[in-house]
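Worksheet for the structure shown next.
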Amino acid sequence: MYIHGFEGSWFSHPFWRTRFLLERSEDLAALLASDVPAVLIDIDKGVAPAEPRPQATAARAAPTLVAIEPLVPRDAAKIDRELARKTIARSKTVLKDVFEGARLGRPIDAGDVASVVTDISAAVDRNPAMFIDMARLKSKDEYTYLHSVSVCALMVNFASQLGLDEPTVRSMGLAGLLHDVGKMAVPDAVLNKPGPLDENELALIRAHPEHGHAMLANGEGVTQEVLDVSLLHHEKIDGTGYPYGLKGDAISLAARMGAICDVYDALTSERPYKEGWTPLRAATEMHRWEGHFDRDLLFKFFRSVGIAPTGLLVRMRSNRLGITLPDGARETRSKVRVFHCALERAPLTLEDVFLSSAGGSDQIVSEEEPDRWGFADWRALSQRLIAGQAARS
274 MYIHGFEGSW FSHPFWRTRF LLERSEDLAA LLASDVPAVL IDIDKGVAPA EPRPQATAAR
334 AAPTLVAIEP LVPRDAAKID RELARKTIAR SKTVLKDVFE GARLGRPIDA GDVASVVTDI
394 SAAVDRNPAM FIDMARLKSK DEYTYLHSVS VCALMVNFAS QLGLDEPTVR SMGLAGLLHD
454 VGKMAVPDAV LNKPGPLDEN ELALIRAHPE HGHAMLANGE GVTQEVLDVS LLHHEKIDGT
514 GYPYGLKGDA ISLAARMGAI CDVYDALTSE RPYKEGWTPL RAATEMHRWE GHFDRDLLFK
574 FFRSVGIAPT GLLVRMRSNR LGITLPDGAR ETRSKVRVFH CALERAPLTL EDVFLSSAGG
634 SDQIVSEEEP DRWGFADWRA LSQRLIAGQA ARS
């Protein structure tokens, strides 16, 4: 069955998405045991609910399964774009109210933004590239709110690609949404200053993780992932970050993920006083920053957004080796030019594989060292491959 939506509270259903194909028996059992009063089933995308409906289990009535008529076909890209636009606008409104309340000392209730995480997750599930791209344009006055929306989307997409369980994916999204709430303790004049910050202003900015953690610590429905990301998303693997200078595994998985998503969105965002970098340029620069990020997680993040720094030797799921290249002038995606069989250690006919955040028939599984594969002069070989020349020439 294809789930089109749930009635009731966001906390009532056991899934982080609201629209998906329900295939596993354990997911059906979890749904029937939940407090969801009714479920909408799209029979145009899956089977209709069986008749008669499942009977009540224990003392609780099973959700009513309601079939809806097949949706009228429309241009999928237009639907996704409109969904993204509406989701971004609504998310900004809700988040602004919550953040302004935090500025005034009102306790934060995660339930107030739970539906925002659900909406963003649904939009990302449909078309992650479109949603993330549309959220890159931010005005000066709305940057903090829309940056949080973008980081939420990136965290949901990243956590899903890592195969984390659904409650953790949902918590990661919530962490992305609330990671910068501490900036409400920083004057707007400092937050929106277009030029360099002086020492006092920089100190105010550097205090925002601790302010955010304090705002969230006594909140309702706040998970450990939310607390970790708010406090530690500016820590660096080599210990040069703030506020505590933590190193390596002392920084939680959630915070290491949050650091990557936070910087990537900041680099690619269009600002009134700064043109955003292309996704490829951002990925390439982040890959060069030694000691800043968890290298393994960073590479997995690149895979989640369909981007890879140019010129890397990579291994594909098909056990082919290739070199990463940009796809198009806008540099919003990457492609891999495969040229070598990893199993037989033999050259192959050149073929371009296009990457996307939605996956595909072949994907990058690892970055490889050229020397390991006998490519002693990788620079010369990579230049030939970029020019479209066979590896054996």
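So in our numbering, the last spot in the sequence shown is 666, and the numbers never skip.
Note that beta-carbon positions come from the ideal geometry of N, C-alpha and C, so glycine has one too.
Here the structure is a predicted model, which means the values were calculated and not measured.
Hey, could you find the ends of the beta strand (DSSP E) residue i is sitting in?
| i | result |
| --- | --- |
| Ser607 | 607–614 |
| Phe627 | 619–627 |
| Ile637 | 637–640 |
Looking at the structure shown, is residue i part of a helix, part of a strand, or coil, going by DSSP?
| i | result |
| --- | --- |
| Leu427 | helix |
| Asp414 | coil |
| Leu594 | strand |
| Val587 | strand |
| Pro599 | strand |
| Ala660 | coil |
| Val454 | helix |
| Ala311 | strand |
| Ile393 | helix |
| Ile276 | strand |
| His420 | helix |
| Asp300 | helix |
| His565 | coil |
| Asp650 | coil |
| Ala306 | coil |
Comparing C-alpha positions only, which one of the options sits nearest to residue i?
| i | options | result |
| --- | --- | --- |
| Leu451 | Ser433, Asp501, Ala476 | Asp501 |
| Leu570 | Lys365, Val309, Met428, Met589 | Met428 |
| Met407 | Val454, Ala350, Pro460 | Ala350 |
| Glu624 | Thr496, Val499, Arg593, Arg568 | Arg593 |
| Glu640 | Gly485, Leu585, Phe404, Arg603 | Leu585 |
| Gly455 | Gly485, Glu439, Glu474, Thr622 | Gly485 |
| Ile659 | Val609, Leu616, Glu642 | Val609 |
| Glu415 | Leu654, Asp461, Ala448 | Asp461 |
| Leu377 | Ala458, Phe404, Ala426, Pro310 | Ala458 |
| Pro599 | Ala556, His565, Ala615, Asp635 | Ala556 |
| Glu563 | Ile478, His613, Asp511 | Asp511 |
| Thr391 | Lys413, Val422, Asp370 | Val422 |
| Val371 | Gly514, Cys534, Thr417 | Thr417 |
| Ala395 | Glu642, His565, Ala357, Leu519 | Ala357 |
| Ala362 | Pro620, Glu373, Phe404, Ile276 | Phe404 |
| Ile393 | Ile478, Met445, Glu373 | Met445 |
| Ala375 | Ala487, Cys614, Asp567, Val638 | Ala487 |
| Cys425 | Lys509, Ala306, Ile533 | Ile533 |
| Ser388 | Thr366, Asn400, Met559, Ser655 | Thr366 |
| Leu489 | Ala383, Glu474, Ile276 | Ala383 |
Quick check: residue i and residue j, are their CB atoms within less than 9 angstroms of each other?
| i | j | result |
| --- | --- | --- |
| Leu628 | Arg590 | no |
| Thr605 | Ala402 | yes |
| Val578 | Pro552 | yes |
| Leu410 | Glu543 | yes |
| His506 | Ala528 | yes |
| Ser503 | Ala448 | yes |
| Val611 | Gly601 | no |
| Arg618 | Gly647 | yes |
| Ile381 | Val309 | no |
| Leu368 | Val386 | yes |
| Phe574 | Met530 | yes |
| Asp567 | Ile524 | yes |
| Thr244 | Ser607 | Given that the chain is displayed from residue 274 to residue 666, the structure contains no residue 244 and the question cannot be resolved. |
Which stretch, first to last residue, makes up the alpha helix (DSSP H) that contains residue i?
| i | result |
| --- | --- |
| Arg409 | Element bounds for Arg409: n/a, residue is neither H nor E. |
| Ser444 | 439–451 |
| Ser577 | 568–577 |
| Asn465 | Careful: Asn465 lies outside any alpha helix (DSSP H) and carries neither H nor E. |
| Glu472 | 472–479 |
| Pro582 | First-last for Pro582: undefined, no H or E at that position. |
| Leu553 | 552–561 |
Entirely within the stretch 486–550 and at least 4 residues each: give me those alpha helix (DSSP H) ranges in chain order. 497–505, 526–541
Contiguous alpha helix (DSSP H) assignments of at least 4 residues, all confined to the stretch 346–386: 349–376
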